[in-house]
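Inspection log for the structure reproduced underneath, given as C-alpha cells.
Protein chains: 2
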Amino acid sequence: MSIRFQIDARAGAARTGRLTTPHGEIETPVFMPVGTVATVKAMPQDILEELGVQILLGNTYHLYLRPGVETVRNLGGLHGFMAWPRAILTDSGGFQVFSLNELRKVTEEGVTFRSHLDGSSHFFSPESAMQAQIGLGADIIMAFDECTEHPASRERARASMEMTLRWARRSKEYFAAHRHENPWSRQSEENPRLPDSPALFGIVQGGMYTDLRRESAERTVELDFPGYAIGGLSVGESRAKTMEMIATALEVLPKDKPHYVMGVGYPEEIVQYAAMGVDMMDCVLPTRAARHGLLFTSEGRINIKNARYAQDQGPADPRCGCRVCSRYTRAYLRHLFVSAEPLAAVLNTMHNLAFYLDTMRSVRHAITLGDLSGVLSGSVSLA
Amino acid sequence: MSIRFQIDARAGAARTGRLTTPHGEIETPVFMPVGTVATVKAMPQDILEELGVQILLGNTYHLYLRPGVETVRNLGGLHGFMAWPRAILTDSGGFQVFSLNELRKVTEEGVTFRSHLDGSSHFFSPESAMQAQIGLGADIIMAFDECTEHPASRERARASMEMTLRWARRSKEYFAAHRHENPWSRQSEENPRLPDSPALFGIVQGGMYTDLRRESAERTVELDFPGYAIGGLSVGESRAKTMEMIATALEVLPKDKPHYVMGVGYPEEIVQYAAMGVDMMDCVLPTRAARHGLLFTSEGRINIKNARYAQDQGPADPRCGCRVCSRYTRAYLRHLFVSAEPLAAVLNTMHNLAFYLDTMRSVRHAITLGDLSGVLSGSVSLA
Chain P
1001 MSIRFQIDAR AGAARTGRLT TPHGEIETPV FMPVGTVATV KAMPQDILEE LGVQILLGNT
1061 YHLYLRPGVE TVRNLGGLHG FMAWPRAILT DSGGFQVFSL NELRKVTEEG VTFRSHLDGS
1121 SHFFSPESAM QAQIGLGADI IMAFDECTEH PASRERARAS MEMTLRWARR SKEYFAAHRH
1181 ENPWSRQSEE NPRLPDSPAL FGIVQGGMYT DLRRESAERT VELDFPGYAI GGLSVGESRA
1241 KTMEMIATAL EVLPKDKPHY VMGVGYPEEI VQYAAMGVDM MDCVLPTRAA RHGLLFTSEG
1301 RINIKNARYA QDQGPADPRC GCRVCSRYTR AYLRHLFVSA EPLAAVLNTM HNLAFYLDTM
1361 RSVRHAITLG DLSGVLSGSV SLA
Chain R
1001 MSIRFQIDAR AGAARTGRLT TPHGEIETPV FMPVGTVATV KAMPQDILEE LGVQILLGNT
1061 YHLYLRPGVE TVRNLGGLHG FMAWPRAILT DSGGFQVFSL NELRKVTEEG VTFRSHLDGS
1121 SHFFSPESAM QAQIGLGADI IMAFDECTEH PASRERARAS MEMTLRWARR SKEYFAAHRH
1181 ENPWSRQSEE NPRLPDSPAL FGIVQGGMYT DLRRESAERT VELDFPGYAI GGLSVGESRA
1241 KTMEMIATAL EVLPKDKPHY VMGVGYPEEI VQYAAMGVDM MDCVLPTRAA RHGLLFTSEG
1301 RINIKNARYA QDQGPADPRC GCRVCSRYTR AYLRHLFVSA EPLAAVLNTM HNLAFYLDTM
1361 RSVRHAITLG DLSGVLSGSV SLA
C-alpha cells in the first residue's frame, strides 16, 4: 500500500488535505523545515514535535557524503538515526550536485561531481539517487532531475527538461523494482493501516517558459507519480515569474494528487501559493534567517541585532505564543545575537519555525472555514 | 532579612542544606552552571529549569562590558533580562580582570583594565564591583578580591592576600550602605518570607601556602560574612594541593555558614569536595567540554568525535535518564559534532549538565542516608 492523499476542505483553488505516509499523517498545506544533515539546525527533535512539525526534509547529497547511506541504513534509516518518528522527505541530491559543485560533468548517464568536503569524486544517476534515498528510508523521495540553471535560453531549458523526463522514467523504473529495500519495511507489517514503502514524486521543470512548463507537467503526469513537485524555481527570477510558472503547472497537474513547490518561500509567498493550490513547500529561509538574526513576525521582518532593540522589553512578536515570545524580550534576543551566543540560534530558530508553522495552521484553518481573504490580506497574523 | 542557611543532614564532614535566597531555595551541596553573559551557553532557560538548576552564575566583568549594568538594571536586573526566576550568583569581576587582561594596572584603589571587546579603558574597585553586582540584581554577590597568580612566592601570596582582605572590608562597607539598591527590592515586599536583599560572600585567598590560607580564612571570618568562598584554586596546581588548600580553609570557616569553592571541578572532584564539607561549586567545565565534544558519563569521559562511535547505537551514558540519553545514539551525537552542527552543542551540554546535576543529587541523597561511601567509590553513577 502506498501513500494516500485525502482532500478535506476547499476554498477556491486552495484545499486542506491529509497525506498518509509510512510514518504518520501530514496535514496540508504544509511547510516542511529543512534538516539538511539529519538535523534541523539548532532544534532538538522534541522541540520540533512540540512545534507541530509532521514532516521534515533531508538532503541526500549531504547525507550520502556524510555519514553515508549505508551508515544511516544500518542505524535504522534516517528515522532511527536522528530519532525522528514522524515523516521525512528527501530530495534526490540533484539540486546540490548542480548548485554546490562547479567541477561537475553531466552526461546522459548522470552527474560526476566532487565532494565539497574533501574533493573526492562521486557519481549520481537516477538509479543511484533512488538507491540512496531508499536506503536513507525517507517516506517521500524525489525523482533525480536536472536543475535548469537561471537564466537559461529556451533551447537549454528544453534540453534540460527533456533529460529530466528521461531521468524521471529511469527513477521510476529503479524505484518500482527496489522500493521495498528500505530500512523500515518490516516494521510496517505491524501496522497494516500505514503505507509499507516510500512514495516517489516527479518534478516539473521547464525553466521560465510557460509552454515548456506546461509540456513538462503534462509529460511528467503521463509517467503517473503519486505526487508532483515544481522544481527549478526561486533561483533568482521575479516573484511574478515564480507565480506564473507555478500557476501554469498547477493547471495541468492532477487535482487529486499533492502539489509540492520546492525551495519556497517567504511567509507571504507560502500563503499565496497555498491559496493557489500548493500542498507542500520547503525552504531553509526560516532557519537560516534565524541564524542571521532575521526574525519573521506579524509586524514584519525584524533584524534583531539592530540597536533599536537594545532596551526593547517586548517579545519578538506580540502576537506569537511560542516559547520564545512568551518568555524572552527583544533586548535579550539582541544581546544573545550580538554576543554570538549559541542560544541566539536556538531561540531565533524556534520562533521563526513557530511563525511559519502557525502561518500554515492559520491557512489550513481559513481554508476549512472557506475564506482565505483574511490570511491573504495579512489581517490574520502573518509577516 | 538576609540569606538563610539551614543544615539538614550530615555524613562525616559533608552536609545537606537549604540556602534560602530572594529568588528561591537552593539544595546544597550544589553545582552551579556558569551563565557567563546571562546565558548558559546553548541552554534555553526552560531546559535549565527542567534539569533542576536552582542557581546559576553570571560574570560581572562580561556583563558590565556588554550589555552594561544600567541596561540590565533597566530590564529588570539579570532575573528580568534573562527571564530566570530562580537564584543567581555573580562573581565580582576580579578573576576575569586579572586573567583576561594582560594590560592591567593594579593599585590600592583598584584595577585599571582594557575591555577585551574593544580595548576601551575601565576601572574596577571594591566599591564599583559591589555597585555593578547590586545593579545586576544577583542574589549572592562576591567580594572584590585579587586572584593571586600561580605560581606565586610566599611574599607575593601574602601581599595579595592582605590586599584582598582590605578590599573585602571595603566591599562590605559599600555593600552595607547600598544593598537595597537592587532591581527587585520592592518585589520582595510581596513575599516577606524571602530575603529582601542580596548576600555578600567573602573570599579566602593565600596562594598555595597552608599558613596563609589559614590566616586568610581567620581574618575573613573576622569580617563576618554570611558565606565564604575559597578562591584562587584550580589555577594549575596539583589536585592534591587543591584539596590541601580546601581542607585548610574548611578547618577555620564557620560550620554554620555555606562554603563555596570557586571554579571546580571534574565530577570526581565535586563529589570529593562535597564529602569534605563544601556546599557550593561552579565551573565552566561541563558546558565548555560539551562544546568540545567531551561527554562525562558513568563509564568515564568519552570524546564523541572518536571514530569508534560512528556506528554506536547506544546512548552517551547507559545509566543516564536525561533527554539526550533517552533519545539519541552516540552515532548521532558523533555525526552532529563532526558536522559542526549547532545541535551538537545543545545536546552535549544538556547531557553534561544533567550528569553534573544528577551527580550532586546522588551526593545529597547519600548524605541524607548518612553514607557517602557509594558515591565516593564511584559505584553510584559518576564519572
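Chains as they are written, first to last, in this note's numbering: chain P, 1001 to 1383; chain R, 1001 to 1383. Every residue gets a Cβ at the ideal spot worked out from N, C-alpha and C, and that includes glycine. Only a predicted model underlies this, so the values are computations on that prediction, with no experimental measurement involved.
(1) Is the region 1253-1261 of chain P in contact with the region 1167-1178 of chain P, if contact means three or more CB pairs nearer than 8 angstroms?
(2) How many angstroms separate the CA atom of Glu1146 (chain R) from the CA atom of Ser1160 (chain R)?
(3) Let me see if you follow: with CB-CB separation under 9 angstroms, is Gln1313 (chain P) close to chain R or not?
(4) Of all the options R:Leu1200, R:Val1271, R:Glu1049 and R:Trp1184, which has the alpha carbon lying nearest to the alpha carbon of Ala1177 (chain R)?
(5) Just the C-alpha distance for Phe1098 (chain P) and Glu1108 (chain P), rounded to the nearest angstrom, thanks.
(6) Taking the continuous alpha helix (DSSP H) assigned at Thr1287 (chain P), which residues delimit it?
(7) How is Asn955 (chain P) classed by DSSP in three states: helix, strand or coil?
(8) Verify whether the separation of the beta carbon atoms of Val1040 (chain R) and Val1053 (chain R) is less than 9 angstroms.
(9) Should Pro1342 (chain R) and Ala1042 (chain P) be called a contact, given that it needs their Cβ atoms to be closer than 9 angstroms?
(10) Is the beta carbon of Ala1087 (chain R) less than 9 angstroms from the beta carbon of Ile1026 (chain R)?
(11) Within 10 angstroms of its Cβ, does Ser1197 (chain P) collect 16 or more other Cβ (buried), or is it exposed?
(12) Does the beta-carbon of Leu1382 (chain P) have 16 or more other beta-carbons within 10 angstroms, so that it is buried, or is it exposed?
(13) Of all the options P:Met1130, P:Gly1094 and P:Glu1127, which has the alpha carbon lying nearest to the alpha carbon of Phe1113 (chain P)?
(14) With respect to the beta strand (DSSP E) encompassing Lys1241 (chain R), which residues constitute its N-terminal and C-terminal limits?
(15) Using beta carbons (cut-off 9 angstroms, strictly below), is Gln1205 (chain P) in contact with chain R?
(16) Should Arg1156 (chain P) be labelled buried (16 or more other beta-carbon atoms within 10 Å of its own) or exposed?
(17) Leaving out five residues on either side along the sequence, give the residues of the same chain with a beta carbon under 7 angstroms from the beta carbon of His1079 (chain R).
(18) Please decide whether Ser1377 (chain R) counts as near chain P, where near means a Cβ-Cβ distance under 9 angstroms.
(19) Let me know if Ala1307 (chain R) comes out buried or exposed under the rule of 16 or more other beta-carbons within 10 Å of its beta-carbon.
(20) Which bits of chain P does Gln1096 (chain R) rub up against, with CB to CB less than 9 angstroms?
(21) Suppose you measure from the CA of Arg1004 (chain P) to the CA of Gly1017 (chain P); what does that come to, to the nearest Å?
(22) Please report the straight-line C-alpha distance between His1335 (chain R) and Val1072 (chain P), rounded to a whole angstrom.
(23) How big is the Cα-Cα spacing for Leu1019 (chain R) and Ile1055 (chain R)?
(24) If you measure from the CB of Met1243 (chain R), is any heavy atom of the ligand SAM nearer than 8 angstroms?
(25) Beta carbons nearer than 8 angstroms to chain R: which residues of the region 1320-1346 of chain P have them?
(26) Of the choices P:Glu1049, P:Arg1015 and P:Ser1092, whose alpha-carbon is the least far from that of Leu1353 (chain P)?
(27) Let me see if you follow: with CB-CB separation under 9 angstroms, is Pro1384 (chain R) close to chain P or not?
(28) Check the Cβ-Cβ distances between Ser1381 (chain R) and every residue of chain P, and say whether any is below 9 angstroms.
(29) Taking Cβ-Cβ distances shorter than 9 angstroms, what residues in chain P pair up with Arg1066 (chain R)?
(30) Please check if any C-beta of chain C sits within less than 9 angstroms of the C-beta of Val1053 (chain P).
(31) Could you list which residues in chain R have their beta carbon closer than 8 angstroms to that of Leu1075 (chain P), in chain order?
(32) Is the Cβ of Val1037 (chain P) closer than 9 angstroms to any Cβ of chain R?
(33) Under 8 angstroms Cβ-Cβ, which residues of chain R neighbour Lys1041 (chain P)?
(34) Out of P:Ala1011, P:Glu1162, P:Gly1314 and P:Pro1267, state which residue places its alpha-carbon closest to the alpha-carbon of Arg1390 (chain P).
(35) On the DSSP letters alone, give me the boundaries of the alpha helix (DSSP H) that Ser1153 (chain R) sits inside.
(36) Check the Cβ of Met1032 (chain P) against every Cβ in chain R and list those closer than 9 angstroms, keeping chain order.
So, to answer that:
(1) no
(2) Working through the second sequence from its first residue, we reach residue 1146 (chain R) at position 146. Working through the second sequence from its first residue, we reach residue 1160 (chain R) at position 160. Roughly 6 angstroms separates the two Cα atoms.
(3) Taking the first residue of the first sequence as position 1, residue 1313 (chain P) is located at position 313. Taking Cβ atoms only, chain R reaches closer than 9 angstroms to Gln1313 (chain P), which makes this a yes.
(4) Taking the second sequence and counting its residues from 1, the one referred to as residue 1177 (chain R) is at position 177. Among R:Leu1200, R:Val1271, R:Glu1049 and R:Trp1184, the Cα nearest to that of Ala1177 (chain R) is on R:Leu1200.
(5) Translated into positions along the first sequence, residue 1098 (chain P) becomes position 98. Translated into positions along the first sequence, residue 1108 (chain P) becomes position 108. Straight-line Cα distance between these residues: approximately 15 angstroms.
(6) Working through the first sequence from its first residue, we reach residue 1287 (chain P) at position 287. Thr1287 (chain P) -> alpha helix (DSSP H) spans Leu1285 to Arg1291.
(7) Outside the displayed span of chain P (1001 to 1383) sits residue 955 (chain P), for which this structure offers no information.
(8) As a working mapping, residue 1040 (chain R) is identified with position 40 in the second sequence. As a working mapping, residue 1053 (chain R) is identified with position 53 in the second sequence. It is a contact, given that the beta carbons lie within the stated cut-off.
(9) As a first step, residue 1342 (chain R) must be located in the second sequence, where it is residue number 342. As a first step, residue 1042 (chain P) must be located in the first sequence, where it is residue number 42. Yes; because the gap between Cβ atoms is below 9 angstroms, this pair is in contact.
(10) As a position in the second sequence, residue 1087 (chain R) is number 87, starting the count at 1. As a position in the second sequence, residue 1026 (chain R) is number 26, starting the count at 1. Yes, the pair counts as a contact, with Cβ atoms nearer than the cut-off.
(11) Looking up residue 1197 (chain P) in the first sequence gives position 197. Buried.
(12) In the first sequence, residue 1382 (chain P) corresponds to position 382, counting from 1. Note that Leu1382 (chain P) scores a pLDDT of 44, beneath 50, so its modelled location is shaky; the value from the coordinates is reported in the next line. Leu1382 (chain P) is buried by the Cβ-count criterion.
(13) Mapped onto the first sequence, residue 1113 (chain P) falls at position 113. Comparing Cα-Cα distances from Phe1113 (chain P) to each of P:Met1130, P:Gly1094 and P:Glu1127, the minimum goes to P:Gly1094.
(14) If you number the second sequence from 1, residue 1241 (chain R) lands on position 241. Run containing Lys1241 (chain R): none in the beta strand (DSSP E); it sits in the alpha helix (DSSP H), Arg1239 to Val1252.
(15) To locate residue 1205 (chain P), count along the first sequence from 1; it is residue 205. Not closer than 9 angstroms to any Cβ of chain R, the Cβ of Gln1205 (chain P) fails to qualify, so no.
(16) Translated into positions along the first sequence, residue 1156 (chain P) becomes position 156. The residue in question, Arg1156 (chain P), is exposed, as its Cβ has fewer than 16 Cβ neighbours within 10 Å.
(17) In the second sequence, residue 1079 (chain R) corresponds to position 79, counting from 1. Excluding residues within five positions, the ones whose Cβ falls inside 7 angstroms are His1023, Pro1085, Ile1088, Gly1137 and Trp1184.
(18) Residue 1377 (chain R) sits at position 377 when you count from the first residue of the second sequence. Taking Cβ atoms only, chain P never reaches closer than 9 angstroms to Ser1377 (chain R), which makes this a no.
(19) Here residue 1307 (chain R) refers to the residue found at position 307 of the second sequence. The residue in question, Ala1307 (chain R), is exposed, as its Cβ has fewer than 16 Cβ neighbours within 10 Å.
(20) Walking along the second sequence from the start, residue 1096 (chain R) turns up at place 96. The premise fails here: Gln1096 (chain R) is roughly 15 angstroms from chain P at the closest Cβ pair, so nothing lies under 9 angstroms.
(21) As a position in the first sequence, residue 1004 (chain P) is number 4, starting the count at 1. As a position in the first sequence, residue 1017 (chain P) is number 17, starting the count at 1. Going by the C-alpha atoms only, they are around 10 angstroms apart.
(22) Position 335 of the second sequence, counted from the first residue, corresponds to residue 1335 (chain R). Position 72 of the first sequence, counted from the first residue, corresponds to residue 1072 (chain P). In a straight line, the C-alpha of His1335 (chain R) is about 10 angstroms away from that of Val1072 (chain P).
(23) Locating residue 1019 (chain R) in the second sequence gives position 19, where the first residue counts as 1. Locating residue 1055 (chain R) in the second sequence gives position 55, where the first residue counts as 1. Rounded to the nearest angstrom, the two C-alpha atoms are 10 angstroms apart.
(24) No copy of the ligand SAM appears in this structure; indeed no ligand is present at all.
(25) Arg1323, Arg1327, Tyr1328, Thr1329, Ala1331, Tyr1332, His1335, Leu1336, Val1338, Ser1339, Glu1341, Pro1342, Leu1343, Ala1345 and Val1346
(26) Within the first sequence, the letter at position 353 stands for residue 1353 (chain P). It is P:Glu1049 whose Cα lies nearest to the Cα of Leu1353 (chain P).
(27) Outside the displayed range of chain R (1001 to 1383) lies residue 1384 (chain R), so it cannot be described from this structure.
(28) Indexing the second sequence from 1 puts residue 1381 (chain R) at position 381. Unreliable placement is indicated for Ser1381 (chain R), whose pLDDT of 46 sits below 50; the coordinate value is still reported in the next sentence. No, no contact with chain P.
(29) One-based indexing of the second sequence puts residue 1066 (chain R) at position 66. What Arg1066 (chain R) touches in chain P: His1335, Val1338 and Ser1339.
(30) Among the protein chains of the structure shown, namely P and R, there is no chain C.
(31) Position 75 of the first sequence holds residue 1075 (chain P). Going along chain R in sequence order, the residues near Leu1075 (chain P) (Cβ under 8 angstroms) are Gln1311, Gln1313, Thr1329, Ala1331 and Tyr1332.
(32) If you number the first sequence from 1, residue 1037 (chain P) lands on position 37. Chain R contact via Cβ: present.
(33) Taking the first residue of the first sequence as 1, we reach residue 1041 (chain P) at position 41. Here the neighbours are Glu1341, Pro1342 and Leu1343.
(34) No statement about residue 1390 (chain P) is possible, as the shown extent of chain P runs from 1001 to 1383 and does not include it.
(35) Numbered from its first residue, the second sequence carries residue 1153 (chain R) at position 153. It is not in any alpha helix (DSSP H) - Ser1153 (chain R) carries neither H nor E in the DSSP assignment.
(36) The residue labelled residue 1032 (chain P) in the question sits at position 32 within the first sequence. What Met1032 (chain P) touches in chain R: nothing, since even the nearest Cβ is about 18 angstroms away.
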